[in-house]
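J.: Let me give you the structure first, and then I'll get to my questions.
2 protein chains.
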Amino acid sequence: MRLPRANSREKILAAAADVAREAGPGSLSLEAVASRAGVSKGGLLYNFPTKAKLMQGLVESYLSDFQKALEERAAAADHESVLSAYIKLSADDCERPKPSASWMFSAIAEDPDFLTPIKAFKHQLFERLKAETEDLGSLLVCFLAIEGMRSMNLFDSDVLSEDERKLLVSSLLKIAG
Amino acid sequence: MRLPRANSREKILAAAADVAREAGPGSLSLEAVASRAGVSKGGLLYNFPTKAKLMQGLVESYLSDFQKALEERAAAADHESVLSAYIKLSADDCERPKPSASWMFSAIAEDPDFLTPIKAFKHQLFERLKAETEDLGSLLVCFLAIEGMRSMNLFDSDVLSEDERKLLVSSLLKIAG
DNA sequence: CTTACTGTACCGGCTGGACGGTCTTGTCAA
DNA sequence: TTGACAAGACCGTCCAGCCGGTACAGTAAG
Numbered sequence: 058m059r060l061p062r063a064n065s066r067e068k069i070l071a072a073a074a075d076v077a078r079e080a081g082p083g084s085l086s087l088e089a090v091a092s093r094a095g096v097s098k099g100g101l102l103y104n105f106p107t108k109a110k111l112m113q114g115l116v117e118s119y120l121s122d123f124q125k126a127l128e129e130r131a132a133a134a135d136h137e138s139v140l141s142a143y144i145k146l147s148a149d150d151c152e153r154p155k156p157s158a159s160w161m162f163s164a165i166a167e168d169p170d171f172l173t174p175i176k177a178f179k180h181q182l183f184e185r186l187k188a189e190t191e192d193l194g195s196l197l198v199c200f201l202a203i204e205g206m207r208s209m210n211l212f213d214s215d216v217l218s219e220d221e222r223k224l225l226v227s228s229l230l231k232i233a234g
Numbered sequence: 058m059r060l061p062r063a064n065s066r067e068k069i070l071a072a073a074a075d076v077a078r079e080a081g082p083g084s085l086s087l088e089a090v091a092s093r094a095g096v097s098k099g100g101l102l103y104n105f106p107t108k109a110k111l112m113q114g115l116v117e118s119y120l121s122d123f124q125k126a127l128e129e130r131a132a133a134a135d136h137e138s139v140l141s142a143y144i145k146l147s148a149d150d151c152e153r154p155k156p157s158a159s160w161m162f163s164a165i166a167e168d169p170d171f172l173t174p175i176k177a178f179k180h181q182l183f184e185r186l187k188a189e190t191e192d193l194g195s196l197l198v199c200f201l202a203i204e205g206m207r208s209m210n211l212f213d214s215d216v217l218s219e220d221e222r223k224l225l226v227s228s229l230l231k232i233a234g
């Protein structure tokens with residue numbers, strides 16, 4: 058029934074993220090992903106020969122999406138710092154009530170090393186921000202606070218109210234200068 | 058070989074945390090925990106009738122340990138705020154290179170609801186801090202930055218150097234007032 | 001135009017193994 | 001004797017990975 062013109066890879070990746078978010082990270086099985094993506098298990102394995110490759114694909118697409126979004130924001134208003142762009146981007150990401158990256162937990166359970174590229178990316182981003190910021194203390198506070206915001210969103214922990222998050226973002230932007 | 062009076066429960070809990078940390082959160086099986094704790098599978102199931110109960114035990118002991126440590130610190134120097142105590146406690150916790158709570162990933166994979174008590178605890182802590190702090194903006198930044206520090210430690214992400222972490226902590230303490 | 005070949009994309013059943021949980025039997029200390 | 005385990009066999013379930021098909025698409029010879 059060869060579907061006309063669908064990029065199966067992206068469909069599968071999106072389906073995997075959906076399954077992890079909705080059924081829980083522990084329910085991210087190949088069959089669940091295949092069924093969700095409207096693809097047979099064989100078709101899934103054709104695109105991703107192993108579960109590890111699927112996880113890797115998830116990480117890579119996550120990272121490239123993030124980098125693209127960050128670059129776009131940083132380029133759009135070149136008078137503002139990368140740090141500000143990062144703050145705003147993260148705030149927008151965390152606006153969405155449901156965590157979009159629950160699959161990360163599945164990846165960690167599979168093998169903690171899957172997160173290595175993400176760590177490397179963060180390290181690189183941090184170095185980039187250091188080069189642009191004069192006050193290291195402020196940068197540290199901002200960077201870690203964003204990290205905290207992202208982690209809370211990831212853990213689906215709604216400790217902060219809407220207003221509080223807005224206040225947080227504005228405080229961070231002020232600190233960032 | 059019945060050992061005299063060793064509290065098996067705690068031994069098992071500690072073993073579970075060790076297994077998750079060393080073999081990865083995905084390798085936290087009952088057999089692995091039992092073997093690590095020097096206990097038979099039957100013995101483990103005697104103490105924790107089900108895996109869910111084991112996870113629950115992990116969460117509860119984590120929370121009670123944390124609360125105890127926080128209370129001790131806050132009481133030791135009653136001239137300092139709870140926020141300062143929380144900052145210092147978290148800094149000390151993150152000093153240890155290896156994350157001590159990888160089991161959390163296992164718990165999430167098993168069932169995300171296991172984290173509910175932890176979320177509730179954090180919410181409660183946040184409310185307590187709000188009552189004590191006059192500047193909500195500063196509190197938010199501090200609270201989230203600590204969250205970020207803890208999450209980085211949890212994910213075993215060593216983006217910050219030793220010096221940077223110290224600078225961060227002193228910056229936070231300054232913001233906390 | 002047709003037939004035959006080839007490669008791509010995908011289907012779906014199968015299996016071997018791991019895991020959680022149960023149950024039975026044995027053992028030792030209080 | 002009884003409570004707190006030890007030891008491990010056993011079962012049902014689930015799942016990743018493999019494999020043998022299948023339905024096209026493109027190409028190219030005849």
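Which chain is which? The protein sequence lines are A and B, in order.
All residue numbers in the first sequence are consecutive under the working numbering, ending with 234.
All residue numbers in the second sequence are consecutive under the working numbering, ending with 234.
Positions of the beta carbon are idealized from the N, C-alpha and C atoms, including for glycine.
Once DSSP output is grouped into helix, strand and coil, what is the label at His-299 of chain A?
T.: In the structure as shown, chain A begins at 58 and stops at 234. Residue 299 of chain A is therefore absent and cannot be evaluated.
J.: Taking only beta-carbon positions, decide if Ile-144 of chain B is within less than 8 Å of chain A.
T.: So, not an interface residue.
J.: Let's test the definition: count the other Cβ atoms within 10 Å of the Cβ of Ala-132 of chain B and tell me whether it reaches 16, buried, or not, exposed.
T.: Counting Cβ neighbours within 10 Å, Ala-132 of chain B comes out exposed, since fewer than 16 surround it.
J.: Using a Cβ cut-off of 8 Å (strictly closer), state whether Phe-171 of chain A contacts chain B.
T.: Output row for Phe-171 of chain A: interface = no.
J.: Is Glu-137 of chain B helix, strand or coil by DSSP?
T.: Of the three classes helix, strand and coil, the one that applies to Glu-137 of chain B here is coil, per DSSP.
J.: Starting from the C-beta of Asn-104 of chain B, find all residues in its chain whose C-beta is less than 7 Å away, skip the five residues before and the five after it, and write them out in chain order.
T.: Counting only Cβ-Cβ distances below 7 Å, and skipping sequence neighbours, we find Ser-65, Arg-66, Ile-69.
J.: Can you tell me whether Thr-173 of chain A is buried or exposed, with buried defined as 16 or more other CB within 10 angstroms of its CB?
T.: The residue is exposed, with fewer than 16 neighbouring Cβ atoms inside 10 Å.
J.: At which residues does the alpha helix (DSSP H) containing Arg-153 of chain B begin and terminate?
T.: Looking at the DSSP string, Arg-153 of chain B is not in any alpha helix (DSSP H), and its letter there is neither H nor E.
J.: Can you find at least 3 beta carbon pairs, one from the region 190-200 of chain A and one from the region 217-229 of chain B, that sit closer than 8 Å?
T.: Enough Cβ pairs lie closer than 8 Å, so yes.
J.: Suppose you measure from the CA of Lys-187 of chain A to the CA of Leu-85 of chain B; what does that come to, to the nearest Å?
T.: Distance between the alpha carbons of Lys-187 of chain A and Leu-85 of chain B: 38 Å.
J.: In or out: Lys-223 of chain A buried (at least 16 other Cβ within 10 Å) or exposed?
T.: It is exposed - the Cβ of Lys-223 of chain A has fewer than 16 other Cβ atoms within 10 Å.
J.: By alpha-carbon positions, which one of A:Leu-201, A:Glu-167, A:Ala-164 ends up nearest to Leu-180 of chain A?
T.: At residue 180 of chain A the sequence reads His, which differs from the Leu that was named. Of A:Leu-201, A:Glu-167, A:Ala-164, the residue nearest in Cα terms is A:Leu-201.
J.: On the criterion of 16 or more Cβ atoms from any shown chain inside 10 Å, does Glu-204 of chain B qualify as buried, or is it exposed?
T.: Classification for Glu-204 of chain B: buried.
J.: Rounded to whole angstroms, how far is the Cβ of Ala-166 of chain B from the Cβ of Gly-83 of chain A, which I believe are closer than 8 Å?
T.: Right, their Cβ atoms sit about 4 Å apart.
J.: Using a cut-off of 9 Å between C-beta atoms, extract the partners of Glu-167 of chain B located in chain A.
T.: The answer, in chain order, is Gly-81, Gly-83.
J.: Using DSSP with H/G/I as helix, E/B as strand and the rest coil, what is Gly-194 of chain A?
T.: Residue state, collapsed to three classes: helix.
J.: If you measure from the beta carbon of Glu-117 of chain A to each beta carbon in chain B, is any gap under 8 Å?
T.: For Glu-117 of chain A, the answer is no, since every Cβ of chain B falls outside 8 Å of its Cβ.
J.: Determine the contact status of Leu-87 of chain B and Ala-94 of chain B, defining contact as a CB-CB distance below 8 Å.
T.: In this structure, Ala-94 of chain B does not lie closer than 8 Å to Leu-87 of chain B by Cβ.
J.: Quick check: what's the CA-CA separation for Glu-219 of chain B versus Asp-215 of chain A?
T.: Distance between the alpha carbons of Glu-219 of chain B and Asp-215 of chain A is about 30 Å.
J.: With distances taken Cα to Cα, identify the nearest neighbour of Arg-78 of chain A among A:Phe-183, A:Met-209, A:Phe-162.
T.: Comparing Cα positions, the closest option is A:Phe-162.
J.: Just mark Arg-207 of chain B as buried or exposed, buried being the case when its beta carbon has 16 or more other beta carbons within 10 Å.
T.: The residue in question, Arg-207 of chain B, is buried, as its Cβ has 16 or more Cβ neighbours within 10 Å.
J.: Label Ser-159 of chain A either buried or exposed according to how many other C-beta atoms from any shown protein chain fall within 10 Å of its C-beta, with 16 as the threshold for buried.
T.: Looking at its Cβ environment, which holds 16 or more other Cβ atoms inside 10 Å, Ser-159 of chain A is buried.
J.: Gly-194 of chain B versus chain A: which residues are under 7 Å apart at the beta carbon?
T.: What Gly-194 of chain B touches in chain A: Leu-224, Ser-228.
J.: Given a cut-off of 8 Å, decide if Glu-189 of chain B and Ser-138 of chain B are closer than it, judged by their beta-carbon atoms.
T.: In contact: Ser-138 of chain B and Glu-189 of chain B (Cβ atoms closer than 8 Å).
J.: Can you tell me which of the three DSSP states Val-216 of chain A falls into?
T.: Coil at Val-216 of chain A, not helix or strand.
J.: Just to confirm, is the Cβ distance from Pro-169 of chain B to Gly-81 of chain A under 8 Å?
T.: Yes, they are a contact pair.
J.: My assumption, with CB atoms under 8 Å, is that Leu-225 of chain A sits in contact with Leu-217 of chain A. Please give the rounded CB distance.
T.: About 7 Å; that satisfies the 8 Å criterion.
J.: Express the C-alpha separation of Val-76 of chain B and Asp-122 of chain B in angstroms, rounding to a whole number.
T.: Each residue's alpha carbon lies about 19 Å from the other.
J.: Label Pro-156 of chain A either buried or exposed according to how many other C-beta atoms from any shown protein chain fall within 10 Å of its C-beta, with 16 as the threshold for buried.
T.: Buried is the call here.
J.: Would a check of beta-carbon distances place Leu-120 of chain B closer than 8 Å to chain A?
T.: Leu-120 of chain B does not count as touching chain A.
J.: Excluding the five sequence neighbours on either side, which residues of its own chain have a C-beta within less than 6 Å of the C-beta of Ala-164 of chain A, listed in chain order?
T.: Met-112, Phe-171, listed in sequence order.
J.: Grouping DSSP H, G and I as helix and E and B as strand, with all else coil, what is Val-76 of chain A?
T.: If DSSP states are grouped into helix, strand and coil, Val-76 of chain A belongs with the helices.
J.: Measure from the C-beta of Ser-86 of chain B to each C-beta in chain A and report whether the shortest distance is under 8 Å.
T.: Not an interface residue.
J.: To the nearest angstrom, report how far apart Leu-146 of chain A and Glu-129 of chain A are at their CA atoms.
T.: Cα to Cα, the separation comes out at about 10 Å.
J.: Note down the Cα distance separating Leu-182 of chain B from Pro-154 of chain A, rounded to an integer number of angstroms.
T.: About 22 Å.
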